[in-house]
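Taking it in order: structure first as structure tokens, then the write-up.
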Amino acid sequence: MLDPQGIVTVDEAAVAATLGARAGADQGAATGPVLLHSLQGFMDAGSTAEIATEHVVGQFTATRLATFDIDQLLDYRSKRPPMTFETDRWAGYDEPFLVIDHLLDAEGTGFLLLHGSEPDLQWERVVAAVRGLVDRFAVSLTVGFHGIPMGVPHTRPLTLTAHATRVGLTEDYTSFLGSVKVPGSLSALLEYRLGAAGHDALGFVVHVPHYLAQSQYTPAAVVALQQVERATGLDLRTAGLAAAAADATIEVEKQVAESGEVLAVVRALEEQYDRFASRLGRRNLVAEVTPIPTADELGAEFERYLAQQDEQ
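Each number in the numbering used here corresponds to the 1-based position in the sequence shown with 43 added.
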């Protein structure tokens with residue numbers, strides 16, 4: 044493998060300004076910030092990770108700490124970046140990137156975010172580079188999140204699968220899967236390699252109703268961020284997504300009501316969900332300690348969020 048450090052550029056001044064002496068001071072103690080990761084290009088039903096990441100980046104000011112040489116990592120012919128053509132000229136280019144930013148949450152707690160395009164090439168080298176930065180920045184916990192399509196109805200609380208590098212990180216979550224082989228991703232490989240190196244890492248996979256997998260389903264992003272908040276103690280201003288989540292729920296209800304075929308599918312999924320929940324002796328399939336909000340609750344939370352903005 045080529046030198047992992049040769050694929051990433053670290054802004055030393057930015058690191059000193061945000062992490063200070065903590066960065067690299069004691070690589071044996073993981074007492075630094077958490078690292079969230081969300082990469083575009085892998086499966087993301089309902090655009091769960093995309094919406095959640097855009098929310099986080101939009102809510103908090105970011106300081107760029109590390110930039111990966113994306114030109115070495117992408118197969119441009121399989122992932123052609125969009126370009127904008129206007130009349131007689133090329134007017135724009137959505138330049139791909141892969142970076143680690145430092146942000147401060149709503150309470151001023153610092154955290155890191157690895158985001159951008161999932162590499163096509165040199166996965167092990169990228170993972171080794173990230174692991175090196177995890178060591179250097181004394182990252183205390185690494186957390187990923189995305190959505191997958193699942194045979195569940197939108198009328199019931201969204202379920203999720205939690206996975207981690209050690210049992211204690213997921214003991215409060217119900218597992219719905221046994222042993223299964225799935226296509227790999229860089230995020231999954233990162234968690235796997237971090238676990239082998241003794242680092243704490245976990246991920247949340249939100250189960251998005253399969254008939255909504257290709258849509259922008261904000262409620263799934265809300266669930267993902269709520270679980271991240273629960274695991275890390277960060278305040279990611281998730282209430283700021285409440286209005287969009289409520290609107291998405293209303294729109295789905297409208298479209299379902301207009302299609303007898305889709306309505307029949309939803310009813311069948313409801314019966315299946317309720318039977319399974321009943322066998323478990325529960326009202327829903329979500330951990331009881333973290334109930335998922337209804338559309339009305341999301342609306343009320345959004346009103347509280349607006350009130351907080353007016354007070355600032």
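Beta carbons are placed, not taken as given, at the ideal position from N, Cα and C, and that holds for glycine.
Going by CA-CA distance only, name the one from the options that's closest to residue i.
{"i": "ALA13", "options": "VAL195, THR52, ALA105, PRO139", "result": "What is shown of the chain runs 44 to 355, which leaves residue 13 out entirely."}
{"i": "VAL145", "options": "SER228, HIS80, ALA291, THR208", "result": "The sequence shown places His at residue 145, not Val. HIS145 has its Cα closest to that of HIS80, out of SER228, HIS80, ALA291, THR208."}
{"i": "ALA95", "options": "GLY283, GLY211, PHE128, PRO139", "result": "GLY283"}
{"i": "GLU272", "options": "MET86, GLY159, THR185, LEU45", "result": "THR185"}
{"i": "VAL295", "options": "THR202, HIS197, GLN315, HIS206", "result": "HIS197"}
{"i": "SER230", "options": "ALA300, ARG174, ASP112", "result": "ARG174"}
{"i": "LYS122", "options": "GLN83, GLU150, ARG132, GLU97", "result": "GLN83"}
{"i": "PHE154", "options": "GLY276, TRP166, ALA320", "result": "GLY276"}
{"i": "GLN270", "options": "THR217, ASP243, ALA205", "result": "ALA205"}
{"i": "VAL299", "options": "LEU255, VAL225, ALA285, ALA289", "result": "LEU255"}
For residue i, which residues does DSSP report across the bridge?
{"i": "GLN83", "result": "PHE85, SER160"}
{"i": "LEU255", "result": "Looking at the DSSP assignment, LEU255 forms no beta bridge with any residue, so it has no partner."}
{"i": "GLY135", "result": "THR127"}
{"i": "THR52", "result": "THR110"}
{"i": "LEU78", "result": "LEU155, THR185"}
{"i": "HIS98", "result": "None, per the DSSP bridge assignment."}
{"i": "LEU141", "result": "GLY159"}
Nearest-angstrom Cα distance between residue i and residue j?
{"i": "ASP54", "j": "GLY63", "result": "13 Å"}
{"i": "LEU245", "j": "LEU237", "result": "10 Å"}
{"i": "ALA109", "j": "VAL223", "result": "34 Å"}
{"i": "GLU340", "j": "VAL265", "result": "A caution first: GLU340 carries a pLDDT of 47, below 50, which makes its placement in the model unreliable, though a value can still be read off. In a straight line, the C-alpha of GLU340 is about 12 Å away from that of VAL265."}
{"i": "VAL306", "j": "HIS253", "result": "A quick correction: the sequence has Leu, not Val, at residue 306. Cα to Cα, the separation comes out at about 14 Å."}
{"i": "LEU232", "j": "GLY303", "result": "42 Å"}
{"i": "THR395", "j": "THR281", "result": "Any question about residue 395 goes unanswered here, given that the chain covers just 44 to 355."}
{"i": "THR52", "j": "VAL142", "result": "9 Å"}
{"i": "ALA105", "j": "ALA73", "result": "22 Å"}
{"i": "THR61", "j": "VAL308", "result": "51 Å"}
{"i": "ILE50", "j": "ASP137", "result": "21 Å"}
{"i": "GLU129", "j": "GLY190", "result": "35 Å"}
{"i": "SER90", "j": "MET193", "result": "14 Å"}
{"i": "ALA287", "j": "THR261", "result": "6 Å"}
{"i": "HIS250", "j": "MET44", "result": "36 Å"}
{"i": "ASP114", "j": "ASP46", "result": "16 Å"}
How far does the alpha helix (DSSP H) with residue i in it reach, from first residue to last?
{"i": "ASP312", "result": "Looking at the sequence provided, one finds Leu at residue 312 rather than Asp. That run of the alpha helix (DSSP H) goes 303-322."}
{"i": "PRO262", "result": "261-275"}
{"i": "ALA286", "result": "285-300"}
{"i": "GLY73", "result": "With the sequence shown as reference, residue 73 is identified as Ala, and Gly is not the correct amino acid for it. Per DSSP, ALA73 belongs to no alpha helix (DSSP H) and is neither H nor E."}
Just to confirm the assignment, what range does the beta strand (DSSP E) spanning residue i have?
{"i": "ARG107", "result": "105-111"}
Which complete alpha helix (DSSP H) runs does the stretch 144-206 hold, if anything under 4 residues is left out? 166-179
Can you check the stretch 211-246 for any beta strand (DSSP E) of at least 3 residues that lies completely inside it and give the ranges in chain order? none
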